[in-house]
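**Q** Here the protein sequences line up with chains A and B, keeping their order.
Residue numbering for the first sequence follows my numbering, starting at 2 and increasing by one per position.
Residue numbering for the second sequence follows my numbering, starting at 2 and increasing by one per position.
Glycine included, C-beta positions come from ideal geometry on N, C-alpha and C.
Owing to the predicted nature of the structure, the values given are computational and were not obtained by experimental measurement.
Here it is: the structure, laid out below.
Protein chains: 2
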Amino acid sequence: MSIQESGEMYLETIYILSKKNSFVRSIDVGEYMGYSKPSVSRAVGLLKNGGYITVDKEGYISLTDVGTEVAEKMYERHKLLTDLLIKLGVDEETATEDACRIEHHISDKSFEAIKKHINQF
Amino acid sequence: MSIQESGEMYLETIYILSKKNSFVRSIDVGEYMGYSKPSVSRAVGLLKNGGYITVDKEGYISLTDVGTEVAEKMYERHKLLTDLLIKLGVDEETATEDACRIEHHISDKSFEAIKKHINQF
DNA sequence: ATAATAAGTTAGCTTCGGCTAACTCTGAAA
DNA sequence: TTTCAGAGTTAGCCGAAGCTAACTTATTAT
Chain A
2 MSIQESGEMY
12 LETIYILSKK
22 NSFVRSIDVG
32 EYMGYSKPSV
42 SRAVGLLKNG
52 GYITVDKEGY
62 ISLTDVGTEV
72 AEKMYERHKL
82 LTDLLIKLGV
92 DEETATEDAC
102 RIEHHISDKS
112 FEAIKKHINQ
122 F
Chain B
2 MSIQESGEMY
12 LETIYILSKK
22 NSFVRSIDVG
32 EYMGYSKPSV
42 SRAVGLLKNG
52 GYITVDKEGY
62 ISLTDVGTEV
72 AEKMYERHKL
82 LTDLLIKLGV
92 DEETATEDAC
102 RIEHHISDKS
112 FEAIKKHINQ
122 F
């Protein structure tokens, strides 16, 4: 099971919520993303199945190493792309939205290239 | 019917093929994009229906004004994003691939911001 | 004239990832 | 103790956009 764009978004959300709160449940993920409980339930099942997260008896979700890797990658891209767009004069809201979509569609190569040049923008 | 990412790709392809050849048929679009005839057939039907293209009795496809607008927008983004990535040191193939995906996910605002700063990269 | 090829369409399948409705289960409150 | 709220799951729908198989139709070649 290779991870899809949607899976990446869920993992990134779990990562963000984990940093903010002491625990993350499906319901929190759904609220944050604006998705229904069944949608989250299925996604969580798939991610668990794929080895990206674990869920304990309390329903608390944790990222595995692999899951953390994916989530951090997305999060790093998100931050850097947002930064870049803001530096270029884009308003914060638009920058965040665009970064959120672009982060899933850019190759490692391109991302590294942007990262290397970010300071000269 | 609002245009989807897939529709944008078809329109851009039709635009590119129109500049290269004297006519564009469904079969040409399919060959260029690597899609099957039925896939193209349906997409062409939807785009025709949506007022983005016209198809004459010969099966020759033309972009309407609206279709041209969308196609040119995508094409411009494609070129500019490819340029940008290449300037940042990304190899041409990767740059083209990434540009092709990003072009559908970036807002007008962000694109204009990149365009304004492209020369200083 | 017949047969073969090319282009397009139709029917119907698949996966992805949303959704609602309706169920279960658990823990807290009356 | 009974009831109710919150969280999660199950079943099943939907649209988007690929696909194959099999058909039609028109042109070209024998």
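Going along chain B in order, which residues have a C-beta closer than 7 Å to the C-beta of L48 (chain A)?
**A** Under the 7 Å cutoff, chain B gives no residues; its nearest Cβ is about 23 Å from L48 (chain A).
**Q** Looking at the secondary structure, which residues open and close the alpha helix (DSSP H) in which S7 (chain B) lies?
**A** E6 to K21
**Q** Please confirm if V71 (chain B) has its CB atom under 8 Å from at least one CB of chain A.
**A** For V71 (chain B), the answer is no, since every Cβ of chain A falls outside 8 Å of its Cβ.
**Q** Within the same chain, show all residues whose beta-carbon is closer than 8 Å to that of Y76 (chain B), passing over the 5 residues directly before and after it, in chain order.
**A** E13, Y16 and I17
**Q** Helix, strand or coil for T65 (chain B)? Go by DSSP, reduced to three states.
**A** Secondary structure at T65 (chain B): coil, using DSSP grouped into helix, strand and coil.
**Q** Kindly identify the DSSP beta-bridge partner or partners of T55 (chain A).
**A** A:S63
**Q** Provide the residue span of the alpha helix (DSSP H) that contains I103 (chain B), from first to last.
**A** E93 to I103
**Q** Is it the case that the Cβ atoms of I54 (chain A) and R26 (chain A) are separated by a distance below 8 Å?
**A** no
**Q** Residues of chain A with CB closer than 8 Å to the CB of L89 (chain B), please, in chain order.
**A** S111, A114, I115, K117 and H118
**Q** For a contact defined as C-beta to C-beta under 8 Å, what are the partners of E98 (chain B) on chain A?
**A** S108
**Q** Need the endpoints of the alpha helix (DSSP H) that G31 (chain B) sits in, please.
**A** S27 to M34
**Q** Could you check if E6 (chain B) is buried or exposed, using at least 16 other CB atoms within 10 Å of its CB as the buried criterion?
**A** exposed
**Q** Tell me where the alpha helix (DSSP H) around N120 (chain B) begins and ends.
**A** Careful: N120 (chain B) lies outside any alpha helix (DSSP H) and carries neither H nor E.
**Q** Below 8 Å on the Cβ atoms is my contact criterion, and I expect I88 (chain B) with F122 (chain B) to pass it. Report the Cβ-Cβ distance as a whole number of Å.
**A** The question names Ile, but residue 88 (chain B) is Lys in the sequence shown. That belief holds up - the Cβ atoms of K88 (chain B) and F122 (chain B) are roughly 5 Å apart, short of 8 Å.
**Q** Report the residue from A:M10, A:H118 and A:S3 whose alpha carbon sits nearest the alpha carbon of L86 (chain B).
**A** A:H118
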